[in-house]
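Enquirer: Here the protein sequences line up with chains A and B, keeping their order. Using this note's numbering, you'd call the opening residue of the first sequence number 99 and step up by one each time. Using this note's numbering, you'd call the opening residue of the second sequence number 3 and step up by one each time.
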Amino acid sequence: MTEDRKLKDFVEPVLSDSAAAAQWRRIERRLGAPPSRRPWFALAFATAAVVLGMVVLTVLRFRAPPAESAWNGAVLESGSDRVSVALNEGSRIELEPSSRILVREGNVHAVHLDMPKGGARFQVTHVSGRAFDVTARGVRVRVVGTKFTVRTEDVAGGARVTVAVDEGVVEVEPTAGGDVTRVRAGETFSMVTSAKVTKRDAPDPTADVAAKPPATEPAAPGASSEPEPPGGAAESQGAKASARARPTDGEPTAQELFERGNAARQSGDARGAATAYEALLRHHPTDARAGLAAFELGRLRMDQLGDLKGATVALERAAAMAPGFREDALARLVSAYGTLGDQARCEGARSAYLGSHPNGVHAAAVRKACGPGP
Amino acid sequence: MALRAKSTQSGAGPSDAALVVAAAAGERWAQEALFRRYARLVNGLSLRLIPNRADAEDLAQDAFVQAFAALHRLENKDALSSFLCSIVVRTAHKRVRRERLMTRLGLRRPEPVDLDALISKSAPPDAAAELRKVYSVLEELPAEDRIALVLRRVEGMALTEIAEHLGRSLATVKRRVGSAEAFLALRFGGPGRD
């Protein structure tokens, strides 16, 4: 092309006077029209964008090979404060202080996390076809789409792993092999694993699963509290771990009592459930299930049996023994002591709650409890 | 309606600046005068960027409406030509991207460019051949590369001018044009330009 001749000279529209006049009339109409002239387009475009997003997700899920993710190998670690991490697809991980999570794999197809230390609350967005699991010291938690908490703590010769499910369902299994346990909303799972899990010393497959009753559970008539076993709240985790219940002649095991209590509670027999939990605490005070049994007993006494004083005894024990329920147990203690008019204990429980869970789910209610300080 | 602005007695007619001021104030006669003055430029550029007559007319119409709504932002009232070109270029870019999306979603079927209808019968063989090359690859290029190639090859614009119209840096425009030229060279052989 020469300088004075451009290709554009050979691509010219045929714009007759009548065509130009028609075009001007259309422009003139639009100039006089309200600003939103084609609202359908925004709707159509938004719909198209949603469809595109679904198409992209489908393609990524079914056709694309697993992409190397920047998350792979990442280490999430909290210092003295809680740390909240949001994943791209909407899931959220809230690490408790002094916790560590290693992202073994993190992409659209699979999220595999290792949690060697501490605890964390997971709010997992359901993504169809995506695997999401958390492995905590010999226990693997498989997730579909749920909110749950995993906590680990050192005990003599190993670790205790507690899984508490707020919403949805998770599947828990020992990484060294063993039965898969489904833990549903309102239930908790607790298991003691050895520090180095092998086939030979695999975790006890008869791990604890405690279920909360349905909201419509009928109230039982008032009942008295059994005396608490001595020293329960002060017992060490090591002692609990080493003294797991074993079947003995004629005496129900801790597991049998625990299951008996759960079954009674789920059938609406609050009194029967309380009796079973009380027996467990009396005869197996150091069993791994004792903390959970204490919490359930406290809740039953408080909500259904009208025994606030007895509830505080059980809840104090639960707060000390069941890390997965410490927050709820402390919040209930604040409420119970407040109702009982025990100002000093109410304030003590309030301080304990706000000290360990300043942003907890009950924090607002706890702050308002006990009335003004002395 | 003749495609010429109404003339004054001197034959020059009102200046762009005067018409812009009046049009920005909502004077319909001034807007019409500007339309008549720039209809060929805007429709021509639209057709070269979107080589489909119906779509090009729609683009030109959109560009005028947007321009009249934004005239108050035009600082240099004599720079209306460049202002209109920028609006056409950016609107065309958006349209191309949107059409690509609709095509991917199956909501639009890309239509082949009717090169015989597009290219003037008076075009010399070498010019016609070059236009055929450019327009035959447009659908395969990324939206911005496509716009940059037409502005460079067909409109004959300088890279700085393209950068201004696209609202991109000079370096970006060089990359876009270079990428499109490389694609052309790969398809038809011979060294790419720029």
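Beta carbons: idealized from backbone N, C-alpha and C, even for Gly. Because the structure is a prediction, the values reported are computed rather than measured.
Rounding to the nearest angstrom, what Cα-Cα distance links residue 414 of chain A and residue 380 of chain A in this structure?
Expert: 16 angstroms
Enquirer: Against chain A, with Cβ distances strictly below 8 angstroms, would residue 99 of chain B count as a contact?
Expert: no
Enquirer: Could you tell me which residues DSSP puts in a beta bridge with residue 221 of chain A?
Expert: A:190, A:245
Enquirer: Is residue 210 of chain A helix, strand or coil by DSSP?
Expert: strand
Enquirer: With which residues is residue 204 of chain A paired in a DSSP beta bridge?
Expert: A:209
Enquirer: Counting pairs of Cβ atoms below 8 angstroms between the stretch 54-69 of chain B and the stretch 151-164 of chain B, do you hit three or more?
Expert: The answer is no - the stretch 151-164 of chain B does not touch the stretch 54-69 of chain B, with fewer than three Cβ pairs under 8 angstroms.
Enquirer: Of all the CB atoms in chain A, is at least one closer than 8 angstroms to the CB of residue 54 of chain B?
Expert: It does not; no Cβ of chain A falls within 8 angstroms.
Enquirer: For residue 432 of chain A, which residues from the same chain have a beta carbon less than 7 angstroms from its beta carbon, with the 5 sequence-adjacent residues on both sides left out?
Expert: 444, 447, 448, 451, 464, 467, 468
Enquirer: Can we say the stretch 139-149 of chain B touches the stretch 95-111 of chain B, given the rule of at least three CB pairs closer than 8 angstroms?
Expert: yes
Enquirer: Expressed to the nearest angstrom, what Euclidean distance is found between the alpha-carbon atoms of residue 108 of chain B and residue 87 of chain B?
Expert: Each residue's alpha carbon lies about 31 angstroms from the other.
Enquirer: Would you please state the rounded distance, in angstroms, between the beta carbons of residue 124 of chain A and residue 63 of chain B? I believe it to be under 8 angstroms.
Expert: 6 angstroms
Enquirer: Just the chain A side, please: which residues come within less than 7 angstroms of residue 121 of chain B by C-beta, in chain order?
Expert: 108, 109
Enquirer: Hey, residue 423 of chain A and residue 393 of chain A are a contact pair by Cβ (cut 8 angstroms); roughly how many whole angstroms apart?
Expert: Contact flag correct, Cβ pair sits at about 4 angstroms.
Enquirer: Mind checking whether residue 503 of chain A and residue 216 of chain A have CB atoms under 8 angstroms apart?
Expert: For residue 503 of chain A there is no data in the structure shown, the boundaries of chain A being 99 and 472.
Enquirer: Any idea if residue 312 of chain A is buried or exposed, counting beta-carbon neighbours within 10 angstroms, 16 or more meaning buried?
Expert: Only weak support exists for where residue 312 of chain A lies, its pLDDT of 34 falling under 50; the value from the coordinates is given anyway. Its Cβ having fewer than 16 others within 10 Å, residue 312 of chain A is exposed.
Enquirer: Are the beta-carbon atoms of residue 18 of chain B and residue 80 of chain B separated by less than 8 angstroms?
Expert: yes
Enquirer: Which residues in the same chain have their Cβ closer than 8 angstroms to the Cβ of residue 165 of chain B, if we skip the five residues on either side of it in sequence?
Expert: 171, 172, 174, 175
Enquirer: What did DSSP end up calling residue 125 of chain B once you bin it into helix, strand or coil?
Expert: coil
Enquirer: Taking residue 136 of chain B as the reference, give the member of B:179, B:30, B:76 with the closest Cα.
Expert: B:179
Enquirer: Any chance you could list the alpha helix (DSSP H) runs of at least 4 consecutive residues sitting entirely within the stretch 359-398 of chain A, in chain order?
Expert: 368-381
Enquirer: How about residue 215 of chain A: is its C-beta nearer than 8 angstroms to some C-beta of chain B?
Expert: no
Enquirer: Return the chain-ordered ranges of every alpha helix (DSSP H) run that is complete within the stretch 169-193 of chain B and spans a minimum of 4 residues.
Expert: 172-190
Enquirer: Which residue marks the beginning of the alpha helix (DSSP H) containing residue 18 of chain B, and which one marks its end?
Expert: 18-26
Enquirer: Kindly indicate which three-state DSSP category residue 468 of chain A falls into: helix, strand or coil?
Expert: In the structure shown, residue 468 of chain A sits in coil (DSSP, three-state: anything other than H, G, I, E or B).
Enquirer: Beta-carbon separation of residue 259 of chain A and residue 248 of chain A under 8 angstroms?
Expert: yes
Enquirer: What residues in the stretch 72-93 of chain B bring their beta carbon closer than 7 angstroms to a beta carbon of chain A?
Expert: none
Enquirer: Quick check on residue 298 of chain A: does DSSP put it in helix, strand or coil?
Expert: At residue 298 of chain A, the pLDDT of 31 sits below 50, so the modelled position is not reliable and the matter cannot be decided from this model.
Enquirer: Going by other Cβ atoms of all chains shown within 10 Å of its Cβ, with 16 needed for buried, is residue 410 of chain A buried or exposed?
Expert: buried
Enquirer: Less than 8 angstroms between the C-beta atoms of residue 250 of chain A and residue 234 of chain A, yes or no?
Expert: yes
Enquirer: DSSP state of residue 452 of chain A, grouped into three classes?
Expert: helix
Enquirer: Give the DSSP-derived three-state secondary structure of residue 46 of chain B in the structure shown.
Expert: Residue 46 of chain B falls in the helix class under three-state DSSP.
Enquirer: Would you mind sorting residue 106 of chain A into buried or exposed? The rule is 16 or more other CB atoms within 10 Å of its CB.
Expert: buried
Enquirer: Consult DSSP for residue 228 of chain A and reduce its assignment to one of helix, strand or coil.
Expert: coil
Enquirer: Near residue 426 of chain A, which residues of its chain fall below 8 angstroms by C-beta distance, leaving aside the five closest residues on each side in sequence?
Expert: 393, 460
Enquirer: Find the residues of chain A that neighbour residue 197 of chain B, judging by a C-beta separation of less than 8 angstroms, and give them in chain order.
Expert: Any property of residue 197 of chain B remains undetermined from this structure, which presents chain B solely from 3 to 196.
Enquirer: Nearest-angstrom Cα distance between residue 92 of chain B and residue 47 of chain B?
Expert: 12 angstroms
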